[in-house]
Structure formats: C-alpha cells, structure tokens
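Below is one structure, written out as structure tokens; comments come after it.
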Amino acid sequence: GMEALVVVPISKVSAQQRAGRAGRTSAGQCYRLYSKECYANMMTETVPEIKRSNLGSTVLYLKALGITDVLGFEYFESPDHDQLEEALLLLFCLGALDAHGTITECGVDMSKFPVEPQLARMLLKSADEGCTEEAVIIAAMLSTEPIWHSRSKPGERDEEADGKHASFYHRLGDHLTFLNVWRRWESDGRMHDTWPREQFLRVRSLRTARSIRTQLQGEVTKNHIPIVSCGNDPGPISRAVCAGFFANSARRIGNESTYKLLPRPSVAESTAGGELSQLMYPHPSSVLVQLNQAPSYVIFHQIVATARPFMRHVLAVDHNILLQHRSIIQTRITTQELCGFDPPAAPAAAPRASASCNEGGHKHGNKGTKIPAKDADSKARAIAEAKARFLARRKTR
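In this note's numbering, the protein residues as written are 1 to 397.
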C-alpha cells in the first residue's frame with residue numbers, strides 16, 4: 001500500500017530503443033553491459049506507467065470532471081484496482097472526497113495545482129497557518145532533482161562540500177533545510193548561478209525549483225490565496241507539511257535510526273487494517289542522518305527501495321499534531337462508497353466468505369446499488385466542456 005521508487009530491470013523494447021540512440025545523428029555502436037542470457041530473461045515490453053504510478057492526481061482529476069465511478073471508468077490501459085483503491089482512500093483522508101465519493105471544495109482547489117495531491121493539500125493548509133510563501137518554496141524544492149553536489153567517489157567523503165552543506169542544515173529535517181538553501185540563494189547569491197557552485201549545490205536543480213516556484217506562486221495568486229510568510233517560526237510549516245503527508249509517517253524503534261511505518265489508509269473490508277510491519281531508515285542524504293538525529297516521529301515524502309527501504313525528505317513532527325491529522329485514517333469506509341455506490345448490505349450471521357463473493361468473479365465483491373447519476377449525454381457534455389477548458393488554458397500559456 002506504500003508508494004516506493006524501486007529499481008527494476010529494463011525491458012527488451014527499452015533496450016532496443018537505447019541501442020537506437022547510438023546511431024541517431026551519425027554512425028555509432030552500442031555496447032550492452034549485460035549478457036545475452038540477461039537480455040533473454042528481460043520482459044518483452046515495459047509495464048505501462050499507469051500500472052506502476054501513483055494515481056492520486058489522475059483520480060482527483062477524474063472526480064473534478066464529474067466521473068464518479070473511477071473503478072468502472074474505461075481507461076486505455078486499465079490500472080490495477082489496488083492502485084485505484086489506494087488513491088481513493090488517500091484523497092478521502094486528505095479531505096478531497098466526502099463519504100459519498102463526491103469531490104469537495106477542498107478537492108476542487110487541490111485539482112487546480114499541477115502537483116501531487118499531498119503537496120496541493122500542504123499548500124492549502126499553509127494559507128490557514130500563515131506560511132504560504134514557505135510552503136510554495138518547499139513544494140518547488142521537493143519537485144526537483146537532488147540539490148546536493150559532491151566530488152567524492154563511492155566510499156569517500158568530500159569534506160569541503162560537507163562543510164558547505166552543513167551551514168544549511170536544520171535540526172528538524174530536510175524540508176526546513178531546503179527552505180534555508182532557498183533563502184540563502186536569494187539573500188547571498190541573489191539568484192545567480194555562481195553562488196550555488198561555490199556552495200556545492202546543483203545549479204540545474206535550483207533553476208528548475210525556481211521555475212516551479214514561479215508557476216505555483218501564480219496558481220496560488222490565481223486562486224485568491226494570500227501569500228504570507230511566517231518568518232523563522234518552524235511550527236506553522238511543520239503543521240502544513242503534516243496536513244499533506246500524515247499518511248507517510250513512521251515511529252522510531254529503540255534508540256537507533258530505525259523506524260516502523262504507522263498504519264496506512266485501508267478499505268473497511270481489509271483484515272490487515274493498513275498496518276505495515278516493514279522497517280524504514282532515513283536516506284543517507286537526509287539531514288537527520290548527517291546530524292545524527294533520530295526524532296521519535298517523522299513524516300517523509302517518498303520511499304526509495306535499494307539495498308533496503310529508505311525514507312527520502314524526512315521531517316520531524318510533533319506526535320500530538322500527527323495524531324490530529326491521522327484520526328481520519330480510522331474511519332471505516334468502502335471503495336464502493338467512494339465511487340458513488342450505496343454501501344454494501346450488512347452481512348448475515350453466516351461466515352463472511354459467502355458464495356456471492358466467489359461467484360461474481362470480482363475481488364471487491366458486489367458493488368451495491370448505484371446512486372442515481374446524470375444520464376450519459378450530460379456526462380459526455382460535461383467531459384467535452386472540461387476538455388475545451390483544458391485546451392483553452394494550454395493556448396493561453
């Protein structure tokens with residue numbers, strides 16, 4: 001149930017495409033760094049992105065278009081139902097959907113931002129906390145490539161680069177460290193390219209962050225959200241980040257930097273209750289690792305699975321604030337309800353594994369009675385109008 005960046009082998013189609021690039025502009029040769037046996041064992045085609053990506057943004061956009069039953073929607077390449085269920089439950093926990101699967105005002109506002117739903121929720125919460133300026137910067141820094149540059153080789157350390165980087169570190173974690181980098185770039189570097197190179201920062205990443213920040217700031221202004229700053233107070237920023245990423249939270253085990261994931265949102269029929277026993281570790285590049293800090297509770301942006309699962313972009317949070325946001329996870333709700341169907345009838349006294357669950361051939365059981373919706377013509381007209389508005393926005397850009 002947890003999104004992770006996993007290193008997987010390429011497919012044969014991908015290998016052929018890479019080989020074709022060797023002779024694109026002139027004659028060339030391609031040297032494959034693997035054996036023929038390895039190539040023979042590769043998958044024939046690459047798994048479609050919709051089957052291996054977070055569908056939160058996709059589901060939110062479909063809901064904004066007025067498509068209620070996202071499980072029954074005719075996709076060009078149908079994603080796994082588990083992915084759709086996770087996206088629905090996450091959007092419900094973020095407040096983008098109500099208990100009937102209808103998009104809320106908060107969800108409509110979230111769909112207007114060109115970022116993942118969790119970052120969009122963080123931006124909306126920042127308006128209540130009075131830290132919109134800082135939240136926009138953090139969202140931009142989280143949406144770019146790594147900013148740290150080092151000349152060290154594997155197994156070695158670049159002491160000069162480490163010393164420069166240490167001047168930006170914030171004791172609470174990576175999000176506030178990114179904010180420190182941005183502010184120093186504005187004040188000391190005046191947004192020029194020379195200063196990042198002197199500080200061993202990647203110029204390209206900072207340029208990308210600057211572009212994303214400009215775009216996000218424009219969207220915030222367009223939605224009549226005031227851009228205000230909280231100064232150097234980390235409290236409002238932590239609360240805003242927690243509002244978006246409380247589902248990505250972990251608790252420290254013992255005195256070492258070993259964490260256990262807190263329960264994730266899960267369907268009402270699940271017997272596991274969304275709880276994962278997998279252990280996680282802060283990524284070696286995290287500020288908390290560099291400062292040898294191990295707070296009791298943390299939230300993180302994503303998981304990278306290499307030799308072992310690492311948490312990237314980690315921030316220490318107050319346990320009480322985390323509990324306030326996580327209370328919604330305990331709500332018992334089904335994906336049928338989140339797709340606009342009536343909740344399934346209460347089971348009889350007989351065992352739950354009834355014949356109807358097996359005979360239907362669908363692992364989600366009966367869908368129940370559908371809530372009355374618009375007719376097909378109205379839905380098609382709404383989708384056509386939404387497409388026209390989307391194309392009009394692209395032309396204006």
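Think of the CB as a built atom: it goes at the ideal place given N, C-alpha and C, for glycine as much as any other residue.
What you are looking at is a predicted structure, and each value in this text was computed from that prediction instead of being measured.
Taking the C-alpha atoms as reference points, what is the distance between residue i and residue j?
i	j	result
V241	T25	46 Å
S270	T104	At S270, the pLDDT of 44 sits below 50, so the modelled position is not reliable and the matter cannot be decided from this model.
Q217	S35	49 Å
P79	V59	11 Å
P146	W182	14 Å
G163	L97	46 Å
G173	L322	16 Å
S150	K63	44 Å
N255	L176	24 Å
N232	H224	24 Å
E186	L206	11 Å
S229	I10	45 Å
L338	Q29	53 Å
G72	T102	16 Å
L124	Q278	31 Å
R202	D342	52 Å
G130	T144	24 Å
N248	V314	10 Å
V108	F178	28 Å
T258	A305	15 Å
W195	G189	5 Å
V70	S286	37 Å
T335	E85	6 Å
T214	C93	29 Å
Q16	S126	47 Å
R18	A99	47 Å
T68	G340	6 Å
K374	K51	Confidence at K374 is low in this model, with a pLDDT of 45, below 50, so the placement of that residue should be treated as unreliable; the coordinate-derived value is given next. So the alpha carbons of these two residues sit roughly 29 Å apart.
C106	R121	8 Å
L119	V220	13 Å
S238	T44	45 Å
K370	G95	Low confidence applies to K370: its pLDDT is 41, below 50, so where it sits in the model is not reliable, and the reading given next is rough at best. Rounded to the nearest angstrom, the two C-alpha atoms are 23 Å apart.
D128	L88	25 Å
M311	A27	43 Å
L291	A316	13 Å
Y31	S14	14 Å
L276	R252	At L276, the pLDDT of 43 sits below 50, so the modelled position is not reliable; the number obtained from the coordinates is stated separately. The straight-line gap from Cα to Cα measures roughly 14 Å.
So residue i packs on residue j, CB below 8 Å; how close in whole Å?
i	j	result
S152	D158	4 Å
A140	A209	4 Å
E116	S57	6 Å
P309	I303	5 Å
L55	Q83	5 Å
F200	H165	7 Å
H301	F245	7 Å
H325	A250	With 8 Å as the limit, H325 and A250 do not qualify as a contact, their Cβ atoms being about 14 Å apart.
P48	E77	5 Å
S111	Y39	So it is not a contact: roughly 43 Å between Cβ atoms.
L90	P265	6 Å
Taking DSSP's pairing of strands, which residues face residue i in a bridge?
i	result
Y297	R251
W148	L201
I137	In the DSSP output, where bridge partners are listed per residue, I137 has none listed.
F310	Y281 and V304
K260	R251 and L279
L97	I103
G173	L315
Taking only three categories from DSSP, how would you classify residue i?
i	result
L338	helix
A316	strand
V220	helix
I103	strand
Y39	helix
P117	helix
Y61	helix
A87	helix
I329	helix
P265	coil
F76	coil
I67	coil
N292	coil
P234	helix
Segment contact, 8 Å Cβ cut-off, at least three pairs: the stretch 282–289 with the stretch 325–337: Output reads no: the stretch 325–337 does not touch the stretch 282–289.
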